[in-house]
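Taking this note's numbering, the leading residue of the sequence shown gets 22, the next gets one more, and so forth.
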Amino acid sequence: MKNLPTILKMSPYYRPVVWGGRRLETALNKELPEGENIGESFEVSALPDMESVVESGPLAGQNVRELYAAYGGELAGKGVVSRYGEEFPLLIKLLDANDDLSIQVHPDDTYARQHKLGTFGKMEAWYVVRSDDGRLASGLRSGVDRIDLIDAIDRGKVEDVVEFYSVKEGDIVFLKPGSVHALCRGVMVYEVQQSSSLTFRLYDYNRPDTDGNPRQLHLNQALDVINFGEPAIIPAPVDTPTAVESEHFILEQFSSEDTEHDACGSFRCVTVISGSAELNAEDSSVALDLAETALIHANRTFSVTTSSDARYLISSVPV
């Protein structure tokens with residue numbers, strides 16, 4: 022088995038979707054497949070058939086699932102493997118909402134396992150990378166209960182009972198399982214989430230899928246998992262390096278200064294969201310341009326040297 026470098030530059034999987042566009046290319050310099058509306062760039066992904074792969078070096082072409090199976094605790098950290106077993110726990114994406122996404126909700130781990138839908142539910146956080154006077158939905162309006170929501174569904178007026186917020190670059194929102202939410206036209210986000218695609222749609226604007234058929238809704242499941250009465254989390258900037266600290270992930274933000282990052286017992290995913298950066302370790306060095314991502318060994322130190330306009334995000338697992 023080949024030695025595992027400290028720093029692995031990743032090549033993403035691009036997902037075409039009905040609400041996608043081309044701004045991952047025009048705004049973030051991604052090289053998208055020709056003729057497709059791409060909504061998601063899976064930067065670090067072990068989801069079947071949607072894996073990201075190592076771009077270069079001795080492990081070029083290996084995907085995250087293969088890396089995790091081969092290197093386990095060396096790559097991800099022994100504490101991560103002890104907690105999550107054979108399932109790589111995080112998924113890192115960049116999203117381009119060229120149109121409104123469905124109003125939706127995600128289940129937690131318990132619901133997913135009880136209903137044999139997978140190992141993980143879906144907790145996530147968004148960092149707004151670009152916003153053209155855009156907005157997002159986060160939570161139900163105060164006082165809305167199950168009966169109110171069912172009535173809104175029956176009337177095709179789900180938007181009337183959901184809280185919408187205007188957002189700007191740098192805003193962050195933490196979305197727990199059970200929180201109704203939606204990303205809206207004109208917003209691009211960085212997303213860290215549990216490694217799951219479980220989504221229950223409440224409303225999708227009567228929009229057809231790519232084959233012209235109505236997109237599936239999941240009303241009963243959505244109603245099962247919504248946390249009625251929980252206050253909405255308002256998108257806002259965070260002025261500390263640790264932007265989100267949750268049960269399943271930590272999201273940190275850094276700007277244009279040279280920084281050394283000590284080993285933390287968890288793999289780290291580093292994504293540049295403006296400018297450029299160079300990542301250096303004893304055994305490897307990787308240059309990251311805008312919207313590029315590296316996967317970092319759990320048990321080694323690395324340093325980051327940035328351009329004057331750089332900002333980058335690091336996601337990891339608490340151990």
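By construction, the Cβ of each residue, glycine as well, lies at the ideal position given by its N, Cα and C atoms.
Is His136 buried or exposed, if buried means 16 or more other CB atoms sit within 10 Å of its CB?
exposed
Could you tell me if Thr27 is buried or exposed, where buried requires 16 or more neighbouring beta carbons within 10 angstroms of its beta carbon?
buried
Confirm, please, whether the CB-CB distance from Ala118 to Arg228 is below 7 angstroms.
no
Should the region 141-154 be called in touch with the region 181-196, which here means at least 3 C-beta pairs below 8 angstroms?
yes
Considering Thr47, what are the terminal residues of the alpha helix (DSSP H) in which it resides?
Arg44 to Thr47
Assuming contact is defined by CB atoms lying nearer than 7 angstroms, are Leu111 and Phe221 in contact in what I supplied?
no
Span separating the alpha-carbon of Pro339 from that of Ser267:
8 angstroms
Output the residue ranges of the beta strand (DSSP E) runs that lie fully inside the region 257-286 and measure 3 residues or longer, sorted by chain position.
263-266, 271-275 and 280-282
Residues in the same chain with beta-carbon distance under 6 angstroms from Val38, minus the five sequence neighbours each way, listed in chain order, please.
Gly60
Using only CA atoms, which one of Ile317, Glu313, Ile335 and Ala302 lies nearest to Ser324?
Ala302
Report yes if the C-beta distance between Ser287 and Gly98 is below 7 angstroms; otherwise report no.
yes
Kindly indicate which three-state DSSP category Asn241 falls into: helix, strand or coil?
helix
With a threshold of 6 angstroms on Cβ separation, who are the neighbours of Phe326 within its own chain once the five nearest residues in sequence on each side are excluded?
For the sequence presented, residue 326 should be read as Thr rather than Phe. Cβ neighbours of Thr326 beyond the five flanking positions: Asp279 and Glu299.
Top-ranked residue by Cα proximity to Lys23, from Leu88, Phe63 and Asn58
Leu88
Answer yes or no: do Phe141 and Asp130 have a C-beta to C-beta separation smaller than 7 angstroms?
yes
Start and end residues, alpha helix (DSSP H) containing Arg104
Lys99 to Tyr105
Taking three-plus beta-carbon pairs below 8 angstroms as touching, is the region 173-186 in contact with the region 78-87?
no
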